[in-house]
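Numbering (this note's numbering) for the sequence shown: 33 to 338.
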Amino acid sequence: MIRIWLGPDDLARTRLLPAPLPLHEVFATVAARATRPGRELRDLAHAGAYPDFLAPLPDGPAPEPLDASLSRLADTGRSRIRRELVAFTGGALNAWHHSLAAGERAAFHRLIDAVRREHDRHTAPACSDASADVQRDVRAKARSLALSGVEGLFGTIHPRVRWHNPVLVVDADHDVDLRPNGAGVTFVPSVAAVRPWVGTDPAALFIAYPVASPQPGSAAPGGPAGEDSLAALLGRSRAAVLRAAADAPGTTTDLARRAGISTPSASQHLAVLRAAGLLTTSRRGNAAHHSVTSLAYALLTGGVSG
Numbered sequence: 033m034i035r036i037w038l039g040p041d042d043l044a045r046t047r048l049l050p051a052p053l054p055l056h057e058v059f060a061t062v063a064a065r066a067t068r069p070g071r072e073l074r075d076l077a078h079a080g081a082y083p084d085f086l087a088p089l090p091d092g093p094a095p096e097p098l099d100a101s102l103s104r105l106a107d108t109g110r111s112r113i114r115r116e117l118v119a120f121t122g123g124a125l126n127a128w129h130h131s132l133a134a135g136e137r138a139a140f141h142r143l144i145d146a147v148r149r150e151h152d153r154h155t156a157p158a159c160s161d162a163s164a165d166v167q168r169d170v171r172a173k174a175r176s177l178a179l180s181g182v183e184g185l186f187g188t189i190h191p192r193v194r195w196h197n198p199v200l201v202v203d204a205d206h207d208v209d210l211r212p213n214g215a216g217v218t219f220v221p222s223v224a225a226v227r228p229w230v231g232t233d234p235a236a237l238f239i240a241y242p243v244a245s246p247q248p249g250s251a252a253p254g255g256p257a258g259e260d261s262l263a264a265l266l267g268r269s270r271a272a273v274l275r276a277a278a279d280a281p282g283t284t285t286d287l288a289r290r291a292g293i294s295t296p297s298a299s300q301h302l303a304v305l306r307a308a309g310l311l312t313t314s315r316r317g318n319a320a321h322h323s324v325t326s327l328a329y330a331l332l333t334g335g336v337s338g
C-alpha cells in the first residue's frame, strides 16, 4: 500500500482540481492498454504505470491546456527524466529512452506529436463525453470539503483511499511511504483511471481518482429512480439517511431531521452505513459530520455493477 504522511501544512494545502489533467489522461489510457498508440507512447506507459515527469501538476487552481502542459513537459530537467526512466524500466533503457534522457530536441518533437495524436483521437472525446459526470463528481466532493473539511473530502475519494490520521492510505500492489513535507496533496478527477493513481513526486503529489459514472436511466442522489430498490436493500429509514447525507453532509441531528426520523434512530443507521463503507465521519469541534463515500455515491447513482 501507499502511505502518504500529511502534516498540518499538507492538510492546509490539500486541493481538488475541477477537471482532469490532459497528460495524465493520455498516459493513463496508454498504460491501461485501452488504445493502440505508437511505440513512442507504449514504451513510456505500460503495465498500469508511467513516469511522473510525463504528467506535471499545474501550479494554478485548474489544469492547464494541453499546449501549456506539453511545454512544461519539454522543460523537464534531464537528470529527473533519466532517474525516472531508470526506475520505470528497471535500468533497461532503450534508444528512445536514452534520446529523451539526453534532451534531444527531435525526440521531444516526436513525443509531443504522439501525445497530440493520442489526445485528439481518444482523450479529448472521452473527456468531452464524461464532462457532466466530472462536474457532478467535483461538485459533490467540493461540497463535502466545504461542509466537513479535509477529512470529509478524504472519505469521498474512493473506497481504496482511507484516512488514518496522520496517514492517507491508498491500496496498491507495492509498499511505499511518501512525505510531501508541506507541499500538500492534490486530488484530480480522472476519466481514464480505473483505480486511484498516485503521482509520487513529493513536491507535486497528486491522486487521480476515477469519476463515478451513473448508469443509463439512473438518477442523481435523491432522485426518484431506484428509490424503491434502495429502500428494499437498506430499509426505508436507512436509505433516507443515506440520501440526506448525499444531499449535503451534516451532523447526526441534521440528517435525522432531514430524513424525518429521531436522532437516536439516525445514529444507529449511521453506524451501520459507516461500517458498510457508505459513510465517513469526521469531527469538527464537538460535532461529528457525516459524508457519503464514493461507494455510496455510485450506489445512489447506479454506478455499481455486479
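By construction, the Cβ of each residue, glycine as well, lies at the ideal position given by its N, Cα and C atoms.
- In the DSSP assignment, GLY181 falls within the unbroken alpha helix (DSSP H) covering 163-189.
- Secondary structure remark: continuous alpha helix (DSSP H) runs of at least 4 residues inside the region 282-330, in chain order: 284-291, 295-307.
- Looking at the DSSP output, LEU332 bridges to nothing.
- Residue ranges of uninterrupted beta strand (DSSP E) with 3 or more members are absent from the region 44-132; none lies entirely inside it.
- For ARG192, no beta strand (DSSP E) run applies, since DSSP gives it neither H nor E.
- In chain order, PRO88 place their CB closer than 6 angstroms to the CB of ARG104, counting only its own chain and leaving out the 5 sequence neighbours on each side.
- Take the alpha-carbon of PRO221 and the one of ALA291: they are about 30 angstroms apart.
- Only residues of its own chain outside the window of five on either side were considered, and among them LEU125 have a CB closer than 7 angstroms to the CB of VAL118, listed in chain order.
- In this chain, the alpha helix (DSSP H) harbouring LEU143 covers 137-150.
- Segment contact: the region 36-55 against the region 88-98, three or more CB-CB distances shorter than 8 angstroms; contact assigned.
- Cβ atoms of ALA298 and LEU287 come within 8 angstroms of each other, at about 5 angstroms.
- In this structure SER326 is buried. Its beta-carbon is surrounded by 16 or more other beta-carbon atoms within 10 angstroms.
- Under the DSSP assignment, LEU200 falls in the beta strand (DSSP E) whose first and last residues are 199-202.
- Around the beta carbon of THR285, a 10 Å sphere encloses fewer than 16 other beta carbons of the protein chains shown; the residue is thus reported as exposed.
- For LEU310, same chain residues with a beta-carbon under 8 angstroms away, outside a window of 5 residues either side, are LEU274, VAL324, THR325, LEU327, ALA328, LEU331 in chain order.
- Counting along the chain, ARG268 sits inside the alpha helix (DSSP H) bounded by residues 268-279.
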